[in-house]
Amino acid sequence: MSIPFVEPGTLYGSNIYGAGVQLGNTALAAESFTGQLLVRNISAQTIPVTTSLQCGEARAALASGNLAPGETRRLAVAADAITCESGAVGIEVTSPVKGSLLGRWLSIGQSSGLVVETAIHSVGASANLSGSDPWMIDEETSSILYVQNVGSAEASFMPVIHYSQHEGHGTAGTHSDERYVVGLKRLQPGETVAIDIRALRDNQTPDVAGRVLPAAIRSGQIHWLRRHGPAIVANVLTVNSTKRIASAFSFFCCYCSPRQVFLSLDPDNVEAYVGQTVVEDLWETLVDCHGMPTSYPVPPQEAYWSTSNFIVAPVVAPGWVWCTFPGNATITAEKSVVWYDLDYTIGEGDPCYLDGWCYGAPACQSFEGWTYASANFNVTWPPWPVFVNVTFGSQTVLPAGQTTVTVTTFPPAVGQAITLTPGEVPLSGSHNHTNRPSNTFYASPTGVTDANGTFQTTFTASNFAGAETVTATVQGVSGTGTLSVAVQGLVQLSPGTNYNLTGNTPWHILPANHYGTPTANAALVSIANQYAAFYPGSILLYNDQSLPLGGLFDIGPPDHTFWNPPHMEHRFGINCDVSKGNVPQVRWQDLRDIFVQFGSGNYLEHDNHWHLRFQ
Amino acid sequence: MRKRFAFPVAILGLLIPAGVMLTMAPQPRVRAYDPPPVERYLYAAYPFSDEAKLVLANSTMREVTIQGKLFSPSGKVAFLDDVILPAHAQKTIDLDAQIALEVPEFKSAGIELEFHSADPGIAGQLLLRNDSRQQAIDVPLKGGAAYLTSRLEGMWFLPAQDAQIGAILYNWDEVETTATVAITRQDGTVLRSRSVTLGPHQSRPFEVQDLIRNVPGAVGGISTHGNTRHDHGRGIRPVCIAPHDNEYSLCGARDSLWK
């Protein structure tokens with residue numbers, strides 16, 4: 001544990017910050033911590049000081065007051081001073097005077113006396129700092145990186161865990177430099193986040209490239225690379241819970257990052273087929289002050305997307321490219337970025353500058369511009385059809401009628417297996433009930449496409465009128481054709497003076513059951529008129545004729561079942577049932593003669609009605 | 616290369632306008648920071664401890680060889696084994712093992728690390744342990760040129776009445792250096808001020824225990840100030856310790872930050 005000795009000239013902020021103070025129960029050790037905050041005013045004037053803790057968006061104010069010149073103050077902080085489920089707590093001590101404060105935080109384990117120190121940093125709100133710190137984990141030891149945003153806007157950074165893998169045997173082997181890129185972390189103003197290296201290893205959490213930390217690794221470095229926003233500060237706390245000792249690392253080794261920012265697309269060379277949609281992943285690469293590139297995915301919405309050829313490969317959404325026609329296209333993602341470099345004009349001749357960034361206060365100059373990445377698309381026709389089209393020899397067939405079904409594929413899929421599946425459009429044909437029988441195929445519903453990529457068979461419609469479908473599937477691509485099964489030309493019998501229309505049921509979409517050919521309808525009107533002429537004031541009762549599109553006229557429950565007779569005829573608009581119930585028997589023969597007179601000479605005589613038949 | 620596909624039916628609902636193509640403004644090439652390799656140094660001093668380890672971290676892109684020396688309070692020099700640090704690697708060096716034959720002489724010493732690199736991204740920290748007393752003291756190493764002013768400011772903290780606080784003053788420079796060390800009370804008034812002169816790489820304990828043995832929990836300040844403009848006070852490196860049982864321990868000197 002240490003209390004820092006600092007040059008006042010290197011205290012660049014008026015406030016001081018500490019990332020990862022331990023309070024209450026934390027992930028670092030299995031005990032509860034209290035805190036001791038030490039603050040000293042090294043300026044020559046009395047300064048007002050405020051102190052606060054922050055976890056996420058929660059903030060807890062601690063003591064505040066004036067510090068006389070040279071005065072040192074100790075503040076004991078209770079374990080429950082702030083409630084923090086994430087365990088990532090930061091502390092802020094404010095002062096109006098730049099460079100006036102020294103600070104140190106000590107976390108005290110309440111049961112073991114373990115002391116965990118947290119470095120308190122004095123940085124300008126816009127300081128551009130990144131760093132790299134050692135980490136160690138074994139059965140007894142854990143390391144956690146804490147990073148705090150000390151500015152008033154959102155900041156982001158990229159944690160990268162480095163470790164070595166030994167390859168070969170003994171001393172002759174080599175150590176490889178392996179990397180685990182945790183992924184972009186965003187920090188709200190004042191927020192602290194924790195990167196628990198042991199948890200990442202033990203949980204085998206994949207990184208941005210799907211890599212996991214090997215279970216055997218024990219040590220390495222963790223880089224925290226600033227990406228954008230105000231200053232961030234960091235501490236790596238390492239605790240040996242058995243020996244009850246802790247170490248704190250806080251190496252600010254990288255000033256002024258990122259030095260460069262690149263974009264890339266994955267995939268960057270695409271061979272795709274017409275009809276496919278390719279999802280492009282947008283990756284950003286930051287280059288730190290050492291020249292180390294680190295890549296990670298960013299949301300595609302952060303870039304502007306464009307295509308060189310809207311016909312071949314239009315961008316339909318950020319990162320989504322739809323391949324619509326054979327040809328070549330270049331997809332471009334473009335993004336505004338900020339990068340930095342040391343200001344070579346300041347500190348010219350300064351030995352600190354000449355010796356490197358560590359030894360002075362070189363200015364960090366920012367640059368803004370656009371960076372972009374491209375992906376080349378070569379789009380070709382696929383070996384499978386893009387479109388499957390189903391057509392019929394006749395778009396309308398009679399119930400139980402036949403027509404040819406022709407399936408064409410585009411581009412032609414030659415010699416490919418094809419499957420036809422019959423179907424129907426529910427509630428069509430005025431049938432207000434489901435599970436209607438399907439059509440059938442005269443030949444097999446399966447086959448192979450010919451040299452033109454086509455296939456043909458014969459379709460047999462069901463006995464019921466309505467809309468029926470045929471779906472053809474080739475290489476997983478389907479197309480559906482719809483045709484009408486109907487008796488064309490049927491019209492509804494209008495209400496008449498000398499007859500009533502009867503027989504509607506809820507199983508048909510009304511009005512549904514008095515459709516006939518024009519000839520039959522005219523004959524029915526004449527029959528009723530003639531009967532009324534013989535017997536003034538009498539009317540006839542006309543029950544079911546045909547449904548609007550004809551076809552088998554089923555009568556559902558309670559007396560009968562769906563999709564079955566008893567109406568054996570009534571399919572083509574030339575039949576009608578005339579009730580005997582309101583016709584005195586003495587008139588029956590006169591009425592029979594009228595039936596014959598108006599075209600229904602072969603009517604059927606039933607117990608309660610006459611079944612008329614017209615031509 | 617990975618390629619993910621979705622079929623048209625999935626994308627039909629996503630037919631929203633593509634991003635607007637803006638005027639290309641390619642990122643200008645950043646001037647490479649490529650200074651020539653130079654000799655670089657890191658320094659620290661450490662007080663007596665049962666166990667002294669040195670953690671070295673290389674954040675550069677290249678392998679770096681680090682040479683180390685220890686300077687005893689009497690001026691004796693011990694050379695550490697060279698440490699080859701691959702890119703992005705870290706190593707922990709057991710200093711006790713390296714100076715096993717001369718432990719008494721170097722239980723308290725100054726340490727100097729030298730490496731040849733264009734990139735200064737080498738960091739080091741001494742981990743001083745006293746397991747029996749459950750003490751852990753971390754002393755980061757620092758580049759000598761980091762000291763630009765003549766002042767160093769710190770704090771002391773007496774967590775318990777029987778705690779001890781001491782300081783090691785170390786002159787990392789090759790020339791004799793004089794500085795004034797002042798211990799202040801909590802209210803900032805000076806408790807004791809003393810001028811200290813150290814030869815090249817000389818280290819010396821600076822006892823403050825008698826001055827601040829009073830109230831547990833007391834705090835105060837400690838400062839060093841170079842006596843001449845040339846010195847800039849940068850050779851003096853104070854380290855505070857409190858090696859008593861079951862109590863807090865304090866020491867240290869921290870890296871400077873950048874504005």
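Heads up: the protein sequence lines correspond to chains L and P, in order.
Counting in the working numbering, the first sequence runs from 1 upward without gaps.
Counting in the working numbering, the second sequence runs from 616 upward without gaps.
Heads up, the beta-carbon is just placed ideally off N, CA and C, and yes, glycines get one too.
Just so we're clear, the structure is a prediction, and the values are computed from it rather than from any experiment.
Taking a 10 Å sphere around the C-beta of residue 736(P), we find 16 or more other C-beta atoms and assign the residue as buried.
Short of 6 angstroms from the beta carbon of residue 556(L), and not among the five residues preceding or following it, lie these beta carbons of its own chain, in chain order: 507 and 562. Rounded to the nearest whole angstrom, the CA to CA distance from residue 284(L) to residue 299(L) is 10 angstroms. Assignment of residue 128(L) by DSSP, reduced to helix, strand and coil, places it in the coil class. Comparing alpha-carbon positions, the option among 8(L), 498(L) and 54(L) lying closest to residue 530(L) turns out to be 498(L). A straight line joining the alpha-carbon of residue 202(L) with that of residue 49(L) spans about 42 angstroms. Taking 7 angstroms as the threshold, the shortest C-beta distance from residue 33(L) to chain P does not fall below it. Counting of Cβ neighbours within 10 angstroms places residue 566(L) among the exposed residues, the total staying below 16.
DSSP places residue 593(L) inside the alpha helix (DSSP H), whose first and last residues are 588-597. Taking CB atoms only, residue 207(L) has no neighbour in chain P less than 7 angstroms away. Beta-carbon to beta-carbon, residue 257(L) and residue 226(L) are separated by about 5 angstroms, close enough to satisfy the 8 angstroms threshold. Comparing alpha carbon positions, the residue from 698(P), 738(P) and 687(P) closest to residue 787(P) is 687(P).
In the structure shown, residue 526(L) adopts helical secondary structure according to DSSP, grouped into three states.
Residue 728(P) is positioned such that its CB atom lies closer than 7 angstroms to that of residue 657(P). Short of 8 angstroms from the beta carbon of residue 27(L), and not among the five residues preceding or following it, lie these beta carbons of its own chain, in chain order: 87, 142, 144, 194, 196 and 199.
DSSP places residue 709(P) within a strand segment (E or B) once states are collapsed to three. Around residue 738(P), the same chain offers 672 as residues with beta carbons nearer than 6 angstroms, after the five sequence neighbours per side are excluded. With the criterion set as a beta carbon lying under 9 angstroms from some beta carbon of chain L, the members of the stretch 788-816 of chain P are 799, 800, 801, 802, 803, 804 and 805, in sequence order. Taking the C-beta atoms as reference points, residue 691(P) is found nearer than 7 angstroms to residue 720(P). Contact residues of the stretch 210-221 of chain L toward chain P are 219, 220 and 221 (C-beta to C-beta distance below 8 angstroms).
DSSP places residue 607(L) in no beta strand (DSSP E); its state is neither H nor E.
Positions of the beta strand (DSSP E) runs, each at least 3 residues long and wholly inside the stretch 247-297 of chain L, are given as 260-266, 269-273, 277-279, 281-287 and 293-297 in order along the chain. Any Cβ of chain L closer than 7 angstroms to the Cβ of residue 682(P) would place that residue at the interface, and such an atom is absent.
Shortest Cα-Cα distance from residue 215(L) to any of 608(L), 223(L) and 204(L) involves 204(L). Beta-bridge partners assigned by DSSP to residue 744(P): 666(P) and 751(P). In the three-state scheme derived from DSSP, where H, G and I count as helix and E and B as strand, residue 442(L) is classed as coil.
Excluding its 5 nearest sequence neighbours in each direction, residue 713(P) has C-beta neighbours in its own chain below 7 angstroms: 695 and 696, listed in chain order. Close CB contacts of residue 608(L) within its chain, under the 6 angstroms cut and outside five residues either way in sequence, are with 580 (chain order).
Identification of residues in the stretch 55-79 of chain L having a C-beta nearer than 8 angstroms to some C-beta of chain P yields 68, 69, 70, 71, 72, 73 and 74, given in sequence order.
Beyond the five residues adjoining it in sequence on each side, residue 667(P) comes within less than 7 angstroms, by CB distance, of 661, 710, 711, 741 and 743 in the same chain, given in chain order.
Per DSSP, the beta-bridge partners of residue 146(L) are 194(L) and 235(L). In the DSSP assignment, the residues bridged to residue 577(L) are 611(L). Taking the beta carbon of residue 734(P) as reference, the chain L residues within 9 angstroms of it are 289, 290, 291 and 356, listed in sequence order.
Of the residues 44(L), 329(L) and 17(L), the one whose Cα lies closest to the Cα of residue 804(P) is 44(L). Listed in chain order, the non-local C-beta contacts of residue 418(L) below 8 angstroms within the same chain comprise 407, 446, 447, 448, 449, 455, 472, 473 and 474, local neighbours out to five positions each way being set aside. Flagged as an interface residue toward chain P: residue 8(L), by a C-beta distance shorter than 7 angstroms.
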